[in-house]
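Since the structure comes first, as structure tokens, the remarks are kept for the end.
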Amino acid sequence: MRIAVINEVSSRDKNGKILEALTGSGREVFNVGMSADGAEPELTYIHTGLMAGIALNSGAADLVVGGCGTGQGFMISAMQYPGVFCGLITEPLDAWLFSQINGGNCISLALNKGFGWAADINLKYIFEKLFDGEMGRGYPEHRSESQRESRNLLKKISANTHKDFAEILKNTDKALIERIFSHTPFKEFIDNYAKIEFVY
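Numbering that gives the first Met the number 0 puts the sequence shown at residues 0 to 199.
See the structure below:
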């Protein structure tokens with residue numbers, strides 16, 4: 000599993016804590032957003048939501064870990080794109096239930112609001128529970144089949160209610176696209192791991 004960590008500007012100082020919490024998860028982790036040590040240009044949750052859409056729709060990432068000050072902005076931004084199923088995760092139980100019931104491919108963390116004492120431990124436990132068992136297994140067990148049907152139906156709805164991703168990029172403000180692809184860690188990640196090529 001390839002995980003893309005995509006921090007935006009207001010939470011760039013939490014980037015190291017996310018990476019540390021993912022250490023030992025047994026997954027390939029790529030730090031492609033903003034970090035505390037710089038890497039311009041400045042990316043807001045508008046940029047990072049689109050980056051999540053590109054990473055997932057291109058096949059470069061299997062899971063995106065993002066967020067913002069409250070987690071709400073990134074989640075809303077990422078959910079504008081087809082094939083992105085994002086959950087707001089603030090505690091380990093959220094992570095476990097999201098993994099078991101929703102089996103999504105993107106999580107949004109609240110990285111400023113309520114991010115205080117022992118937040119690094121909370122992040123560690125969030126990732127432990129997110130990766131605890133097979134995603135989409137279902138909970139409670141007797142609801143597994145219904146939940147699987149709902150996930151599959153939601154994927155079809157997402158495909159039907161969104162434009163083709165290549166068309167989305169073609170019609171997106173060019174300055175937004177240029178800023179995203181001028182961010183070297185993200186551009187290199189997409190260039191190296193995307194399974195399909197996007198014209199941008």
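The beta-carbon is built from N, C-alpha and C at its ideal position, and this holds for glycine as well.
Everything numeric in this text was worked out from a predicted model, so none of it was measured.
- Within the stretch 97-178, the complete alpha helix (DSSP H) segments at least 4 residues long are 118-129, 143-160, 164-169, listed from N- to C-terminus.
- Of the other Cβ atoms in all chains shown, 16 or more fall within 10 Å of the Cβ of residue 30; this residue is therefore buried.
- Residue 107 is not a Cβ neighbour of residue 84, given a cutoff of 7 angstroms.
- Distances from the CA of residue 147 to each of 134, 159, 158, 157 were compared; the closest alpha carbon is that of 134.
- Residue 64 sits in a strand when the DSSP states are folded into three classes.
- Between the C-alpha atoms of residue 42 and residue 141 there is a straight-line separation of about 43 angstroms.
- Scanning its chain for C-beta atoms nearer than 8 angstroms, with the 5 sequence neighbours on each side dropped, one finds around residue 175 the residues 45, 46, 49, in chain order.
- A distance below 6 angstroms between beta-carbons, with the five flanking residues on each side excluded, links residue 110 to the following residues of its chain, in chain order: 10, 13, 66.
- When C-beta atoms of the stretch 119-134 are compared with those of the stretch 80-96, three or more pairs fall below 8 angstroms, so the two segments count as touching.
- Annotation: residue 30 is outside any alpha helix (DSSP H); the continuous beta strand (DSSP E) that includes it extends over 27-30.
- Between the stretch 145-162 and the stretch 16-31 there are fewer than three C-beta pairs closer than 8 angstroms, too few to call the two in contact.
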